[in-house]
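Right, one structure below, let's go through it.
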Amino acid sequence: CCLFSNSLMLGLAITERAYGSAALTSNYAIVALHAPFCYCLGILTMEIVRNRQKSVLPVIKSVFIAMFKNALFLGILVGFAVNYLKVPLPSPVTEAVDMLVQAALPAALFGMGGVLYQYRPEGDTGPILWVLAVALLLHPSLVWISGQALSLDQAGLRSAVLTSAMAPGINSYVFANMYGAARRVAASAVLFSTSASIITVWGWLYFLP
Numbered sequence: 016c017c018l019f020s021n022s023l024m025l026g027l028a029i030t031e032r033a034y035g036s037a038a039l040t041s042n043y044a045i046v047a048l049h050a051p052f053c054y055c056l057g058i059l060t061m062e063i064v065r066n067r068q069k070s071v072l073p074v075i076k077s078v079f080i081a082m083f084k085n086a087l088f089l090g091i092l093v094g095f096a097v098n099y100l101k102v103p104l105p106s107p108v109t110e111a112v113d114m115l116v117q118a119a120l121p122a123a124l125f126g127m128g129g130v131l132y133q134y135r136p137e138g139d140t141g142p143i144l145w146v147l148a149v150a151l152l153l154h155p156s157l158v159w160i161s162g163q164a165l166s167l168d169q170a171g172l173r174s175a176v177l178t179s180a181m182a183p184g185i186n187s188y189v190f191a192n193m194y195g196a197a198r199r200v201a202a203s204a205v206l207f208s209t210s211a212s213i214i215t216v217w218g219w220l221y222f223l224p
């Protein structure tokens, strides 16, 4: 759960609201690197755990197969390639993509509501509280300490800490569902951490210079 913060939907909006659109440069850089890195790390970890009884080569093979069968990972790669190569897209394509983007969040929230109805958070209080503590308190604390040690400028420090202070996003449940593990914990953690972040993000905004 803690791999996938809601750096896009919440992180960009809160940073822009607090510090203006000029402060979003670092956020975009973080978002561009965060998703592919975390998907690679998450898939690698899950495949190693799933195939821990096998030798090294079969595990490496299963990791590559899992990555290139993952629609989200492939979408990130294609988007990066199109953007990097500056491939012009026809207007109908961009308009269709924009319509899909507008529908993505409501559809994801509707699906999450159904999941929460099916998977009640009974007996999972410990793991859910652990996710909340790591995502909302530990992550931004470590980022703030690292930023101070690396002498980040004020804008970079603000973007990094706020992005790391966001609650886990819908990708947490997508990833859990992909491997059929901890669906109930992931769904509940997204809901409760998003609610709790109303207070914790306000605290980080007050704390940051």
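For reference, each letter of the sequence shown is one residue, going 16 to 224 in this note's numbering. Don't be surprised by glycine CBs; every beta carbon is placed ideally from N, CA and C. Computed from a prediction, not measured in an experiment: that's the story for all the values here.
Would residue i and residue j be called neighbours here (beta carbons separated by less than 9 Å)?
i, j, result
"S174", "I45", "yes"
"A47", "F83", "no"
"L104", "V93", "no"
"N232", "S22", "With the chain covering 16 to 224 only, the question about residue 232 has no answer from this structure."
Out of the options, state which residue places its alpha-carbon closest to the alpha-carbon of residue i.
i, options, result
"Y194", "L48, A211, I185 and A81", "A81"
"F190", "V74, A118, E62 and L223", "E62"
"T209", "L87, A170, L144 and A196", "L144"
"L59", "L153, Y34 and F88", "F88"
"I213", "L152, S41, P103 and G141", "L152"
"T215", "R198, P224, I185 and V176", "V176"
"R199", "T40, I160, G141 and S161", "G141"
"D139", "A197, D168, F19 and S106", "A197"
"F125", "I185, T40 and V112", "I185"
"V158", "L223, N85, A111 and L104", "L223"
"N192", "N85, L27 and S36", "N85"
Throw me the rounded Cβ distance for the residue i and residue j pair, which I believe falls under 8 Å.
i, j, result
"S179", "P155", "5 Å"
"C17", "A150", "5 Å"
"V146", "P121", "Wrong, their Cβ atoms sit about 24 Å apart, outside the cutoff."
Output needed for residue i: all residues of its chain with C-beta closer than 6 Å, excluding positions within five of it in sequence on either side, in chain order.
i, result
"A38", "T30 and A170"
"L25", "M181"
"L172", "G162"
Please work out which residues of its chain come closer than 7 Å, Cβ to Cβ, to residue i, disregarding the five sequence neighbours upstream and downstream, and give them in chain order.
i, result
"V78", "I58, L59 and E62"
"V74", "E62, I63 and N66"
"A33", "L220"
Just to confirm my understanding: we take residue i, look at its own chain, exclude 5 residues before and 5 after, and list those with CB closer than 8 Å. What are they?
i, result
"I91", "A50, P51 and Y54"
Exercise. Are the stretch 215-222 and the stretch 45-60 touching, with three or more C-beta to C-beta distances below 8 Å?
Worked result: no
Exercise. Taking one C-beta from the stretch 63-71 and one from the stretch 203-210 each time, how about it: are there three or more such pairs within less than 8 Å?
Worked result: no
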